[in-house]
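First up is the structure itself, then whatever we jot down about it.
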DNA sequence: CACATTTATGTAATTTAATTACATATATTG
DNA sequence: CAATATATGTAATTAAATTACATAAATGTG
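Shown next as structure tokens:
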């Protein structure tokens, strides 16, 4: 709830003088944010400390803080709104809606990500003997992206899409191995089974999934991706983008933790695939 | 143009001390708006009047006015700053930087996307006999994601990662087939070859790639993903996220264009994979 | 209703924040 | 190199905001 709304909703609960302050602000909020407390107090016909008390009552630290919050209230509300695609939408409409929904989802993910958990995951990954990434459907794509990223570090890393290969990999796992299971809902049956098998074989299981789900309950560590989202027939599942960014974060953390030797290997890989590309200047 | 953008655009034109001020603000704009001029000056290692002069240079009346404008910039949907990950970064720092870089990239992509081109691509896809998605490396992941999405529409769609299979698919293509080639730079040699082969066989070639690249030159239609980005050893390639969102947009456009028959098929697929998941209420 | 207690309010004093003035340092130009 | 312009920081001054305290008004209790 922003400050402007808060003022309007609490009008009836304000005292006589504080009501005067509210009225003066509501009469011209744009002007209020640029006014001194003295100017506003005079305009509202109250004392300066009354204005200050009003600001405190609106849960701000004082007048300058109140003005900042009011300024943000005036500046168009929340930055990205998650709106449904409608059948009648033009290409401009649905394109923008999808971008905004994705941005909104990613922003929420940014706010909710638990960096302590990320740090622990990076610890575990850094010390692992082998890393496996598994997921199904859209999350399988994330697992493959993870493979593509971690493969460049020249550490033992694998990812399979075939269900049997996944099971065998988990059966073959042992202490020091890490199995990362990726699932939006955490309710995919076969992934929960993979978690159990891996744990039975002393691997560490990390879930990139919804907390308080069957899969989360079988994991040693859970990186939460539980952003509520409206999926319907037209709206893509934006949360897989959040999963991809978590992979990015883990990969960067891994690189930073591992230090210069792995940076060198990254450079080696980058150089090694250069020939598969047209040179930027010559082959235009 | 808001204050945050103005700062970023004028970085090169600032004097040494004022550049320090800008860097301190960009490092933590949310914190800056709540700071006194003394705190910010200390943080930036400059004098208080230098901060005041910086604010005047940004066309604000002084520090309080600058803060108000900055607060509105932050509330207005362009808050994200693309900052490099440093070796000394904490997990909080690099996590936030990666999220912000991704959000910044995606926001730019949103602003630059050409909806007329999207519309044409949706036209072409809607009328196609068969759709193929190909990419390499990180873009191969995008191609697979596309397969996962379009497969649900029950239209002929394919995607291979094996180079030979890709070539054979393009050799086998004919009029009415669409080949979508995904590449960040547009300079991957084998993808350019795929484009040539597909065109020789009368397929329509759509590139999700950089304009003015070898691949773009071989395509019938180019959906541009040419967002300048700073990639270095630590920063992930955020543009693949933009490619994924373009796939989302195309898929939604396809669904809207195709109408109710395809909506029904989506429901059928969704229902069909329900049993692979634990029921939300019962199996907790 | 009267009295006691609590809450609201404004004046004045104090503190903090921001701005201005001025001297010095640095960069640029002829 | 010298002269001029620009940048910068210290110290002083002004403005803005907050706190302290006394008084007024409202509320609650017997």
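Chains as they are written, first to last, in this note's numbering: chain A, 92 to 375; chain B, 92 to 375. Where a beta carbon is used, it is the ideal one built from N, C-alpha and C, also for glycine.
If you measure from the beta carbon of residue i to each beta carbon in chain B, is any gap under 7 angstroms?
i: residue 297 of chain A; result: no
i: residue 239 of chain A; result: yes
i: residue 195 of chain A; result: no
i: residue 253 of chain A; result: no
i: residue 340 of chain A; result: yes
i: residue 312 of chain A; result: no
i: residue 159 of chain A; result: yes
i: residue 236 of chain A; result: yes
i: residue 107 of chain A; result: no
Looking at the unbroken alpha helix (DSSP H) that takes in residue i, where does it start and where does it end?
i: residue 344 of chain A; result: 330-349
i: residue 221 of chain A; result: Looking at the DSSP string, residue 221 of chain A is not in any alpha helix (DSSP H); the run it does join, the beta strand (DSSP E), is 221-226.
i: residue 315 of chain A; result: That residue, residue 315 of chain A, is in no alpha helix (DSSP H); its beta strand (DSSP E) goes 312-315.
i: residue 107 of chain B; result: 107-118
i: residue 287 of chain A; result: 280-291
i: residue 97 of chain B; result: 94-100
i: residue 205 of chain B; result: Where residue 205 of chain B is concerned, there is no enclosing alpha helix (DSSP H), given that its DSSP letter is neither H nor E.
i: residue 229 of chain B; result: 229-241
i: residue 128 of chain B; result: 128-135
i: residue 139 of chain B; result: 139-148
i: residue 254 of chain A; result: 254-262
Nearest-angstrom Cα distance between residue i and residue j?
i: residue 273 of chain A; j: residue 302 of chain A; result: 12 angstroms
i: residue 349 of chain A; j: residue 307 of chain B; result: 38 angstroms
i: residue 109 of chain A; j: residue 115 of chain A; result: 10 angstroms
i: residue 195 of chain B; j: residue 156 of chain A; result: 27 angstroms
i: residue 374 of chain B; j: residue 363 of chain B; result: Confidence in residue 374 of chain B is poor, its pLDDT being 42 and thus under 50, which makes the residue's placement unreliable; the coordinate value appears in the next sentence. Approximately 19 angstroms, taken between the alpha carbons.
i: residue 260 of chain A; j: residue 249 of chain A; result: 9 angstroms
i: residue 299 of chain A; j: residue 230 of chain B; result: 22 angstroms
i: residue 239 of chain A; j: residue 228 of chain B; result: 7 angstroms
i: residue 279 of chain A; j: residue 369 of chain B; result: 6 angstroms
i: residue 213 of chain B; j: residue 347 of chain B; result: 10 angstroms
i: residue 331 of chain B; j: residue 217 of chain A; result: 25 angstroms
i: residue 143 of chain B; j: residue 111 of chain B; result: 13 angstroms
i: residue 133 of chain B; j: residue 140 of chain B; result: 12 angstroms
i: residue 236 of chain B; j: residue 164 of chain B; result: 35 angstroms
i: residue 422 of chain A; j: residue 271 of chain A; result: As displayed, chain A neither begins before 92 nor continues past 375, which places residue 422 of chain A out of reach and without an answer.
i: residue 97 of chain B; j: residue 154 of chain B; result: 16 angstroms
At a CB-CB cut-off below 8 angstroms, which residues of chain B make contact with residue i?
i: residue 183 of chain A; result: 206
i: residue 187 of chain A; result: 201
i: residue 123 of chain A; result: Correct list: empty, because the minimum Cβ distance to chain B is about 11 angstroms.
i: residue 178 of chain A; result: 347
Does any residue of chain A bring its CB to less than 7 angstroms from the CB of residue i?
i: residue 373 of chain B; result: Unreliable placement is indicated for residue 373 of chain B, whose pLDDT of 48 sits below 50; the coordinate value is still reported in the next sentence. No, because no Cβ of chain A sits closer than 7 angstroms to the Cβ of residue 373 of chain B.
i: residue 102 of chain B; result: no
i: residue 117 of chain B; result: no
i: residue 332 of chain B; result: yes
i: residue 166 of chain B; result: yes
i: residue 232 of chain B; result: yes
How far does the beta strand (DSSP E) with residue i in it reach, from first residue to last?
i: residue 303 of chain B; result: Segment: none, residue 303 of chain B is in no beta strand (DSSP E) and carries neither H nor E.
i: residue 163 of chain B; result: Counting along the chain, residue 163 of chain B falls outside any beta strand (DSSP E), though it belongs to the alpha helix (DSSP H) covering 154-166.
i: residue 273 of chain B; result: 268-273
Quick one: which chain B residues come within Cβ less than 7 angstroms of residue i?
i: residue 336 of chain A; result: 189, 190 and 193
i: residue 343 of chain A; result: 176, 185, 189, 325 and 327
i: residue 198 of chain A; result: 194
Residues of chain A with CB under 7 angstroms from residue i, in chain order?
i: residue 120 of chain B; result: Ordered by position in chain A, no residue passes the 7 angstroms Cβ test against residue 120 of chain B, which lies about 12 angstroms from the chain.
i: residue 162 of chain B; result: 159, 162 and 163
Return yes when at least one heavy atom of the ligand ZN lies under 6 angstroms from the C-beta of residue i, else no.
i: residue 160 of chain A; result: Looking for the ligand ZN in the displayed structure turns up nothing, as the structure carries no ligands at all.
Under 9 angstroms between beta-carbons, which chain B residues line up against residue i? List them in chain order, please.
i: residue 247 of chain A; result: Under the 9 angstroms cutoff, chain B gives no residues; its nearest Cβ is about 20 angstroms from residue 247 of chain A.
*the region 256-289 of chain A: which residues have C-beta closer than 8 angstroms to a C-beta of chain B, in chain order?*
Here the close residues are 276, 278, 279, 280, 281 and 283.
Worksheet entry | Near-chain A residues of the region 348-370 of chain B (beta-carbon distance less than 7 angstroms), N- to C-terminal order | 354, 357, 367, 368 and 369
Using a Cβ-Cβ cut-off of less than 9 angstroms, give me the residues of the region 125-144 of chain A that come near chain B, in sequence order. 125
Residues of the region 207-230 of chain A in Cβ contact with chain B at a cutoff of 9 angstroms, in chain order, please.
207, 209, 210, 213, 227, 228 and 229
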